[in-house]
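Take a look at the structure below.
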Amino acid sequence: MTMEDQKTILEVDGLNTTFHRNGRPLPALRDVSFSVARGEVLGLVGESGSGKSVTLRSIMGLARRYGEVTGQIRWKGSDLVTMSDRALRHIQGREIAMIFQEPMTSLNPLLTVGLQLEETLSAHTDLPRKARRDRAVEMLDLVGIPSAAQRLKDYPHQFSGGMRQRVMIAIALAANPKLLLADEPTTALDVTIQAQILDLILRLAQDMDMGVLLVTHDLGVVAQTCDNLAVMYAGRIVEQGPVRDVLRAPGHPYTVGLMRSVPENLPPRTPLYSVPGVPPSLDALPTGCAFAPRCSSCIEPCLQDRPALTLITDRRHVACFNPITNAKGNVA
Amino acid sequence: MSDAVFTPSPPSRIRLALRKPGFVAGLLIIGFSLMLALFPGGFAPYDPNAIDYLAVRQPPSWAHPFGTDLLGRDSLSRVIWAYQVNMQMAVLATVFALVIGVVVGALVGYYRGIADLIFGRVVDAVITFPFLVLVIAVVAVLGPGLVNMYIAITLVGWVYYARLMRAEVIAQMGNDYAAAGIVMGYSDRRIIFRHLLPNAITPVIVYWMTDMALAILLGSSLGYLGLGAQPPQSEWGVLIAEGRNFISTAWWLSLMPGIAIVLTGLGFSLLGDGLADLLRPRG
Amino acid sequence: MSSLFYILKRFLMMIPTFFLVMIIIFLLVRLLPGDPAIAMAGDRASDADIQAIRERLGLTEPMLVQFWLFLTNTVQGDLGRSILMRTDVIDVIADRLPITVFLTVYSVALSLLIAGPLAFVAALNRGRWPDAVIRTVFQIGLSMPVFYIGLVLLTFLAAQLRLFPVGGYGDTFGDRLYHLFLPSITVALYTSAIIMRNLRSAIIEVLDAEYVQFARAKGLPPRLILGRHVLRNALISTVTLLGLSIGNLMSGTLVTETVFAVPGMGRLMLEAIFARDYPLIQGLTLTFAVLVSFVFLMTDLFQSRLDPRMRLQ
Chain A
0 MTMEDQKTIL
10 EVDGLNTTFH
20 RNGRPLPALR
30 DVSFSVARGE
40 VLGLVGESGS
50 GKSVTLRSIM
60 GLARRYGEVT
70 GQIRWKGSDL
80 VTMSDRALRH
90 IQGREIAMIF
100 QEPMTSLNPL
110 LTVGLQLEET
120 LSAHTDLPRK
130 ARRDRAVEML
140 DLVGIPSAAQ
150 RLKDYPHQFS
160 GGMRQRVMIA
170 IALAANPKLL
180 LADEPTTALD
190 VTIQAQILDL
200 ILRLAQDMDM
210 GVLLVTHDLG
220 VVAQTCDNLA
230 VMYAGRIVEQ
240 GPVRDVLRAP
250 GHPYTVGLMR
260 SVPENLPPRT
270 PLYSVPGVPP
280 SLDALPTGCA
290 FAPRCSSCIE
300 PCLQDRPALT
310 LITDRRHVAC
320 FNPITNAKGN
330 VA
Chain B
0 MSDAVFTPSP
10 PSRIRLALRK
20 PGFVAGLLII
30 GFSLMLALFP
40 GGFAPYDPNA
50 IDYLAVRQPP
60 SWAHPFGTDL
70 LGRDSLSRVI
80 WAYQVNMQMA
90 VLATVFALVI
100 GVVVGALVGY
110 YRGIADLIFG
120 RVVDAVITFP
130 FLVLVIAVVA
140 VLGPGLVNMY
150 IAITLVGWVY
160 YARLMRAEVI
170 AQMGNDYAAA
180 GIVMGYSDRR
190 IIFRHLLPNA
200 ITPVIVYWMT
210 DMALAILLGS
220 SLGYLGLGAQ
230 PPQSEWGVLI
240 AEGRNFISTA
250 WWLSLMPGIA
260 IVLTGLGFSL
270 LGDGLADLLR
280 PRG
Chain C
0 MSSLFYILKR
10 FLMMIPTFFL
20 VMIIIFLLVR
30 LLPGDPAIAM
40 AGDRASDADI
50 QAIRERLGLT
60 EPMLVQFWLF
70 LTNTVQGDLG
80 RSILMRTDVI
90 DVIADRLPIT
100 VFLTVYSVAL
110 SLLIAGPLAF
120 VAALNRGRWP
130 DAVIRTVFQI
140 GLSMPVFYIG
150 LVLLTFLAAQ
160 LRLFPVGGYG
170 DTFGDRLYHL
180 FLPSITVALY
190 TSAIIMRNLR
200 SAIIEVLDAE
210 YVQFARAKGL
220 PPRLILGRHV
230 LRNALISTVT
240 LLGLSIGNLM
250 SGTLVTETVF
260 AVPGMGRLML
270 EAIFARDYPL
280 IQGLTLTFAV
290 LVSFVFLMTD
300 LFQSRLDPRM
310 RLQ
């Protein structure tokens, strides 16, 4: 037992999530395991369809309405996977909160932002009406919305995209959660606003001593903001470890591919790189490693068996039979 | 679940549709209805117009499974011969509206401008009338009968096809291939009819299926009201109207043609739903 | 202030539409072969009657002048004289209008009562047996012509079991509800099939919407999620759907009035057709169009009250 383990708040162990489409099972998540410590920022990266978002929704108890979730999600000694809806409601929004990708569609267009903020408070606190209103104003103020008190009566469409994302953060954090699940919170925003929103999330996380599980497809964002990193591909974690170590010496060919596609690392006029090919369809996964068909260092065993996530060096895990050694990811 | 990409493997689509019981049932019903419509003589046990005053209003029996009508005609044979008229209705009441609608919709969608503005007003005006009221009003002027009924339905119905087609064409114009055609200097006609139309027509075809079901309902309603097919022609609406005054004593007269309507309408709408699933772009 | 402006704008938008509606109705009678005056006067008309109609329609004038006359006459409430009823068309319609309006409102209410809860049950049980049962039953309902539903109900519930009267429409409000139940439920069974189908997908869309996922992630109790987040949004789709289905509903009303011998505008329309009472046909067609566009207007206004996004536009 190290110091890290004692501070662990969320522990996901062997998480499997399966949806069904046209009578066929779609393995959206397979054997996903990771943990988040108090105050830690864990980045979850991968292409769309890799299962990042499904991971968050499985933790939040949203995925089980649409499919089957098995494995363990340990939170303060209890298992969220087997927990009843009723018990789960005391954790959703109160202890674990989530913000979504699309600020345009994630707020109810028919209700004022004040109501949408206050309903979280009335679900999770005993505050009287007046105190709830004060707290709502305080939260809007905290996320940087000017003249907060006047804006409680406004509807979501009266806010800009960036402001709406701030409102969503205010709602999510209103009940002082210990963990924030952020599902690509900046993807839908203008580039100039993206940095502001990220800064806001990180600053609030620090102030509130809150863990953050940040889903993104942008390794640049991860490099700037996260402590640890997990790379997902076709519903599995293929590489995991501290951000610095992984980015300095990525082990999985897919991680290398992702790093090469980050433009900031390139000298000017280098052609933009993207991982060749497309991710496999979830209902037609290859027998061996799911990445094998796109992989440049694919060897014989990759087509036969699926590599397990194994410890390679201190706190670093890679699922690959032929991991890259000594590679610098940003070499074009 | 925005993150998960569910891409079905493409060749399985038709097989997938054939696994849906609804679609298969629709296919069977319409297939069988077509057989009855094309070869009524091969299925009907009697001449539908053979009058027998000695066997008037007989309840269903082995000799007459659907009983006999007021003039002793065999009800089953009349219901079967009516397939000819009612299936023809599904096609003739819709196909001209479809063609006119597709052409007009494609043209106003492609050229926009003043013609499109006027078209928009025409749509507004036509949907302001309840469909049946306008059709009946036109039939009233032209006079009752099957042909005039087709004309009336076409005069009103093309607007709905054109509206759908216009929207599809405008959506398709946003695609690169349309812009490419314009840049490459293809003639308007070629762009509209060779490139836009084949891509835009899918939802129109799906709507056509459901519209055929509606045409049978509408046609038999008009027949019932005395404005469509005229007796002694065998048509389900007419048959039901003939039996309506004897419904408590000779219930089979109205019941059997009604079942034929429901079954055929169901067949077309199941087929339409299955086709919509089959043709809907996915991924 | 802004909603007043919206209503005004909405009214102005109706003007070109109604102009075209008038053109359609005007051209309708001009499709008649021969002299429309003779056709419009009816078989038993004297030469003087025909001459009077010629003057009213301005048949010797050019088309544009004729249309202008038709337009001004109509706006002043002069729809001509009914051959069948031997009174002014406007009076005949005023007599029958309340019955049809009553029947329509009644049908709307019954459609909602049938389709609303069932659509919710189906959407919440999507893919499971209650959904399958409800959808199958309504799919069959959708394939039943209104006159056939009416005939079946009339035979079994009214003629055989004597639960309901066979015809008529009653004098007091309660009496009317009783008399018009079967005609209304006939229309409602058909329209609710259309509404149910669309409403079910609308509710499913709302249930899957990100803001509902967000509301769940907030840990709100289910009754609040359904009542506040789902129901309100689903209500907008319901109102829109009802508005759009009003044409279907009135088509159904026309048929049901005939089947159940309810003396409304629909039955009158058929009588007018068989009597070749063209002024009455024109007047009724116009009245139906006015009713539909009134419903469209109400739908829009209701939507703009319900949806804050529309208030500012």
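Residue numbers (numbering that gives the first Met the number 0), protein chains in the order written: chain A, 0 to 331; chain B, 0 to 282; chain C, 0 to 312.
For every residue, glycine included, the Cβ atom is placed at its ideal position computed from N, Cα and C.
At a cut-off of 8 Å between beta carbons, residue 104 of chain A contacts chain C. Between the region 59-70 of chain C and the region 97-108 of chain C there are fewer than three C-beta pairs closer than 8 Å, too few to call the two in contact. Comparing alpha carbon positions, the residue from B/74, B/137, B/38, B/31 closest to residue 50 of chain B is B/74. Residue 232 of chain C reaches chain A at 109, counting residues in chain order whose Cβ is nearer than 7 Å.
In the DSSP annotation of this structure, the continuous segment of the alpha helix (DSSP H) that includes residue 247 of chain C starts and ends at 245-258. Around residue 101 of chain A, the beta-carbon contacts reaching into chain C at under 9 Å are 209.
Proximity of residue 32 of chain B to chain C, defined by a Cβ-Cβ separation below 8 Å, is not satisfied.
In the DSSP assignment, residue 227 of chain A falls within the unbroken beta strand (DSSP E) covering 227-232.
In this structure, the CA atom of residue 73 of chain A is about 10 Å from the CA atom of residue 7 of chain A. Less than 8 Å separates the beta-carbon of residue 181 of chain A from that of residue 98 of chain A. Counting C-beta pairs closer than 8 Å gives three or more between the region 288-299 of chain C and the region 6-20 of chain C, which meets the contact rule. Taking the C-beta atoms as reference points, residue 27 of chain A is found no nearer than 8 Å to residue 33 of chain A. The continuous beta strand (DSSP E) containing residue 27 of chain A extends over residues 23-36. Within chain C, no C-beta atom comes nearer than 8 Å to that of residue 181 of chain B; the closest sits roughly 31 Å away. For residue 16 of chain A, there are no neighbours in chain C by C-beta distance under 7 Å, as the nearest C-beta there is about 15 Å away.
Under a 10 Å Cβ-count criterion, residue 229 of chain A is classified as buried, with 16 or more other Cβ atoms of the shown protein chains found around its own Cβ. When C/239, C/298, C/192, C/155 are compared, the shortest CA-CA separation from residue 250 of chain B is found for C/155. Of the residues assessed, residue 276 of chain C falls on the buried side of the cut-off, its CB having 16 or more other CB atoms within 10 angstroms. Just so you know, the alpha carbons of residue 190 of chain C and residue 142 of chain B end up roughly 29 Å apart.
Counting only runs of 3+ residues, the beta strand (DSSP E) found wholly inside the region 31-75 of chain A occupies 40-44, 66-74, in chain order. DSSP places residue 85 of chain C outside any beta strand (DSSP E), giving it a letter other than H or E. Pairing residue 88 of chain B with residue 153 of chain B, the inter-Cα distance amounts to about 12 Å. Within 7 Å of the CB of residue 138 of chain C, the CB atoms of chain B belong to 265, 268, in sequence order along the chain. At least one CB of chain B lies nearer than 8 Å to the CB of residue 147 of chain C.
Cα atoms of residue 125 of chain C and residue 135 of chain B: separation of roughly 40 Å, rounded to the nearest angstrom. In the displayed model, residue 209 of chain C falls within a helix according to three-state DSSP. If you draw a straight line from the Cα of residue 239 of chain B to the Cα of residue 300 of chain C, it comes to about 42 Å.
The beta-carbon of residue 130 of chain B is placed less than 8 Å from the nearest beta-carbon of chain C. Within chain B, the residues 132, 135, 136, 139 have their CB atoms less than 9 Å from the CB of residue 268 of chain C, given in chain order.
Taking the Cβ atoms as the reference, residue 164 of chain A lies roughly 4 Å from residue 102 of chain A, within the contact range of under 8 Å.
Residue-level contact by beta carbon fails for residue 113 of chain A and chain C, as no gap is shorter than 8 Å.
Annotation: residue 198 of chain B to residue 141 of chain C spans about 30 Å, alpha carbon to alpha carbon. Shown here for residue 130 of chain C: same chain residues with a beta carbon closer than 7 Å to its own, the five before and five after excluded, namely 121, 124 in chain order.
Between the beta-carbon of residue 101 of chain B and that of residue 203 of chain B there is about 6 Å, and that keeps the pair under the 8 Å contact cut. The C-beta of residue 102 of chain C comes no closer than 8 Å to any C-beta of chain A.
When Cβ-Cβ separations below 8 Å define contact, residue 213 of chain C makes contact with chain A.
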